[in-house]
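Chemist: Chains as they are written, first to last, in this note's numbering: chain G, 336 to 838; chain B, 184 to 690.
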């Protein structure tokens, strides 16, 4: 049944293109229905699937002469991310209810993107995964270049080139692994079970890992993320931060680390204090956390604050992956989910609720508008989202970051200090943005009486509510995710990792 | 010396004969009956007659699989050559049908004749393992292409391009012939397997490669490198792609590439077997492989980098063709059975995509007056179907899945790595360069989808905004796009034919 998430999304995109011109309302409703159906499918599968092991969805021969199969499967990790995709897809459409310009094409590209994201999370055959992974790039470009704002063509092209270079690195690694394993199969399980030589893994691992991590915003390859997020229209930045960056993190875990576990092992010598690729990437992730937070602290543009906060939060995920212990890894997966929800919410507030009404994102200009009176709902939503993002207990962010920090404490005790610093700065930049945008001292009567801002619409309230509720549910009862993530991490697929550096 | 078996020869050459007969009929009908009719009618009738001939030839090739070898490889037919011939005929049909809409000449019959004669030349070219026949067919092909390039007599660009093409072509033909004569001198034979045997015999004595053989390698590579537009023999390509009438340019960019690459592979892999050398990283040894590896690497780098700065879509396609020639040369560098399959898959799907892209460019040129990037502004609002097809073609060329171009690249790189890990550096370079290529393809798509139509168009009435596309051209373009998508999603359709044919040909 899960396979239908892909087909229905693509079908919806196709139907949208066939709609008569100029009927934006019909396009919206069709897109929303499509997204709702796919979301329902992911939700039902999520609720039904309580064990977390890998379940095959579809498995048919695709290119027999190369042993490549059209093989879709889902385990606990992919189910969590599929659910995330479903939620973000629905809310993203709710937050783009005001799109009038070429609406039909907008939603068609949007659904194409969603469908391929589902495809990536569902693929078990690595060629298939790569195919979906690359399809994602194209709609991203057009969504930003056509419907975006600030320097949209630059931002779109930068994002596309970064992603494409990343996927080129992944492709080199995958082809090399496929040929080295005898060209019999590209199934994840088969390749993960093949004993690649340690020397091969030592160069293939960083290649594939960095290839995916570029999309996950690994410092110093993160620069596409803030510009891309800022240029993108609201729904696209929600997808970008919420789901697409997770594709990178998912690829790191699912492909790079699963296929080449020995690449994480020690080099046997020390260079600048680094003893393995694991050390290198952990330090890069920590730099990302602290750097992202620091830079977010000084931004003038509201959306850039959120953009850099994404870099910082994605650093947590990559750091969690590098801890290589169960709590760190499961924390990383929970953080993927949590950050997807929260980044989506924040971008919705900034892009849709604030920017579409005030037409500016300059924090200095937003302050005098007295937004906490003008659009109180936006202010409240942002406060809640900010609290969740800072990692206050009761929200998903807290659980995830706590698990990761415990994992880091086991693996890299020294780095924990730096992570703590990142957390503190994280509180600071949210606080600053909140204060400057919503609660700045209103200027007195001297300021021209600005025209009343349009009120927050029903779809916006609905979307914000969904995201907040999900974050709270996960925050209060994280077992809902962990119950299927932990068994998935204990499955035979990660045996290599467990024998490698897993502690 | 064996005697010629005329029955065999007839059986072997029948498809070519059919095409020639159809060509003559088309020419006669055009000149005798239709002279006074409008050009569009004449083009349609001539193209349909020519296409019918091609269809009959295809039917013959499909239904009578042959395994014939006349005069020790002078001419031969096996499932592999037949497969390539079918591909060439299909491409010729598509070119003819797309040309029906053009108005650049009154000499309709002659134009169709030249396209089909070039096709016949290519059909002979791929079905021979003899240097003389290869050279003669190659000249038949080249001479037809020179004239096709110059066919638009109203535009000086067309003649200029043809002159350049002719001068470069003549020179490279001389190089090729020189190389062939050296080969004959070395081996006392013009048959590729015998040449290989002679090379083997001299290599068996343990002496290094004969210097004359080295010269022959270099000149042969120059000759074929010109045909496939590889760096540094590519100078004609941008001018020809830009100056030639659109159908001719499309034909040069698609069909002639298929035939040239196939025969290039044959000559190098069969004729120069034993003089390969090695292009493995840090382990270069003398032979033709390192020569080709360098040519391939330079083509990929130069083609992709120069394409970035092009403002004319035709020139952009020309430089991208140079880059693609670089990728395809990798298959010759690795010269295994698998890489022949990969090469064929790549070149056929590449030809489909290029042909389609030229089809779209031709229509846009006719309606907007040029092929510069700005002429494509806002095309998606003016011709949605055409734009969607262009989207498919360009992304396929860029190698985005699930289009045919992606699988072509994937299979090609797998087959190259399969021949040994030493060629990894070429694969890495190729993949890195294809990441660059996305940039310029997106530049075109950005114009089509993102940019708004120019002011005068935007202000015109809705009726004038829409670009009317001739039905036949549009149908062909849509079919080509469908083919690109289909072969990308289900590569096996084409692949299992090719594998079976290659195995049956005993390559």
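Note that CB positions come from ideal geometry on N, CA and C, so glycine has one too.
It should be emphasised that the depicted structure is a prediction, and the values quoted were computed from it without experimental measurement.
Counting only beta-carbon atoms, is residue 606 of chain B nearer than 8 Å to chain G?
Modeler: no
Chemist: By Cβ distance below 8 Å, which residues in the same chain neighbour residue 498 of chain G in space, the five residues on each side in sequence not counted?
Modeler: 471, 472, 475, 549, 550, 559
Chemist: Among the residues of its own chain, which have a CB less than 8 Å from the CB of residue 664 of chain G, if the five just before and after it don't count?
Modeler: 588, 655, 656, 658, 742, 824
Chemist: In the region 458 to 488 of chain G, which residue ranges form an unbroken alpha helix (DSSP H) of at least 4 residues, counting only runs that do not cross its ends?
Modeler: 461 to 470, 472 to 482
Chemist: Can you find the residues in the same chain that come closer than 7 Å, C-beta to C-beta, to residue 765 of chain G, ignoring five residues on each side of it along the sequence?
Modeler: Taken in chain order, the residues that qualify are 721, 724, 725.
Chemist: So which of B:363, B:408, B:400 has the shortest CA-CA distance to residue 351 of chain B?
Modeler: B:408
Chemist: Which whole-angstrom value is the C-beta distance of residue 582 of chain G and residue 468 of chain G, which I expect to be below 8 Å?
Modeler: 6 Å
Chemist: Over the uninterrupted beta strand (DSSP E) stretch that includes residue 614 of chain G, give me the two end residues.
Modeler: Not the beta strand (DSSP E): residue 614 of chain G falls in the alpha helix (DSSP H), residues 612 to 632.
Chemist: Quick one: does residue 578 of chain B have its CB under 8 Å from some CB of chain G?
Modeler: yes
Chemist: Determine contact between the region 750 to 759 of chain G and the region 605 to 623 of chain G, defined as no fewer than three beta-carbon pairs at a distance below 8 Å.
Modeler: As far as the Cβ criterion goes, the region 750 to 759 of chain G touches the region 605 to 623 of chain G, which means the pair count is three or higher.
Chemist: Kindly indicate which residue of G:757, G:801, G:819, G:808 has the alpha-carbon position closest to the one of residue 430 of chain G.
Modeler: G:801
Chemist: Going by alpha carbons, who is nearest to residue 347 of chain B out of B:417, B:374, B:279?
Modeler: Per the Cα distances, B:417.
Chemist: So which residues on chain G does residue 438 of chain B lean against when the C-beta distance must stay under 8 Å?
Modeler: Result: empty, since nearest Cβ-Cβ is about 26 Å, beyond 8 Å.
Chemist: Taking only beta-carbon atoms, is residue 615 of chain B less than 8 Å away from chain G?
Modeler: At least one C-beta of chain G is nearer than 8 Å to the C-beta of residue 615 of chain B.
Chemist: Is any beta-carbon of chain G found at less than 8 Å from that of residue 223 of chain B?
Modeler: no
Chemist: Is residue 433 of chain B near residue 591 of chain B, with beta carbons less than 8 Å apart?
Modeler: One thing to note: residue 433 of chain B has its Cβ no nearer than 8 Å to the Cβ of residue 591 of chain B.
Chemist: Are the CB atoms of residue 544 of chain G and residue 591 of chain G nearer to each other than 8 Å?
Modeler: yes
Chemist: So with Cβ pairs under 8 Å, would you call residue 395 of chain G a contact of chain B?
Modeler: no
Chemist: Between residue 480 of chain G and the rest of its own chain, which residues show a CB-CB distance below 8 Å, the 5 nearest in sequence each way excluded?
Modeler: Only 487, 488, 491, 492 meet the Cβ criterion.
Chemist: Does the beta carbon of residue 496 of chain G sit closer than 8 Å to a beta carbon anywhere in chain B?
Modeler: True, the Cβ-Cβ gap to chain B drops below 8 Å.
Chemist: Check each candidate in B:219, B:200, B:671 and name the one with the smallest Cα separation from residue 579 of chain B.
Modeler: B:671
Chemist: Determine, using beta carbons only, whether residue 354 of chain G and residue 439 of chain G come nearer to each other than 8 Å.
Modeler: yes
Chemist: For residue 782 of chain G, does the three-state DSSP call read helix, strand or coil?
Modeler: Its pLDDT being 48, under 50, residue 782 of chain G is placed unreliably in this model, and the value from its coordinates should be taken loosely. Residue 782 of chain G: coil per DSSP, three-state reduction.
Chemist: Nearest CA to the CA of residue 358 of chain G: which residue from G:421, G:405, G:343, G:434?
Modeler: G:434
Chemist: Is there contact between the region 608 to 627 of chain B and the region 489 to 502 of chain B, where contact requires at least three CB pairs shorter than 8 Å?
Modeler: yes
Chemist: Give a yes or no on whether the minimum CB-CB distance between residue 597 of chain B and chain G is below 8 Å.
Modeler: Residue 597 of chain B counts as touching chain G.
Chemist: Measure from the alpha carbon of residue 327 of chain B to the alpha carbon of each residue in B:354, B:296, B:501, then state which is nearest.
Modeler: Scanning B:354, B:296, B:501 for the CA closest to the CA of residue 327 of chain B turns up B:296.
Chemist: Using only alpha-carbon positions, find the residue among B:300, B:332, B:341, B:608 that is nearest to residue 321 of chain B.
Modeler: B:300
Chemist: Identify whether residue 253 of chain B lies in helix, strand or coil by the three-state DSSP scheme.
Modeler: When secondary structure is reduced to three states using DSSP, residue 253 of chain B falls in the strand class.
Chemist: Return the chain-ordered ranges of every alpha helix (DSSP H) run that is complete within the region 234 to 278 of chain B and spans a minimum of 4 residues.
Modeler: none
Chemist: Can you list the residues of chain G that residue 636 of chain B reaches, using a CB-CB cut of under 9 Å?
Modeler: Near residue 636 of chain B there are no residues of chain G at all, since even the closest Cβ is about 13 Å away, more than 9 Å.
Chemist: Taking its Cβ as the centre, do 16 or more other Cβ atoms sit within 10 Å of residue 386 of chain G, making it buried, or is it exposed?
Modeler: exposed
Chemist: Note down the Cα distance separating residue 628 of chain G from residue 552 of chain G, rounded to an integer number of angstroms.
Modeler: Going by the C-alpha atoms only, they are around 13 Å apart.
Chemist: Anyone know if the C-beta pair for residue 531 of chain B and residue 677 of chain B falls short of 8 Å?
Modeler: Note that the C-beta distance between residue 531 of chain B and residue 677 of chain B is below 8 Å.
Chemist: Determine, using beta carbons only, whether residue 633 of chain B comes closer than 8 Å to chain G.
Modeler: yes
Chemist: Closer than 7 Å by C-beta to residue 602 of chain G: which residues in its own chain qualify, once you throw out the five before and the five after it? Chain order, please.
Modeler: 610, 611
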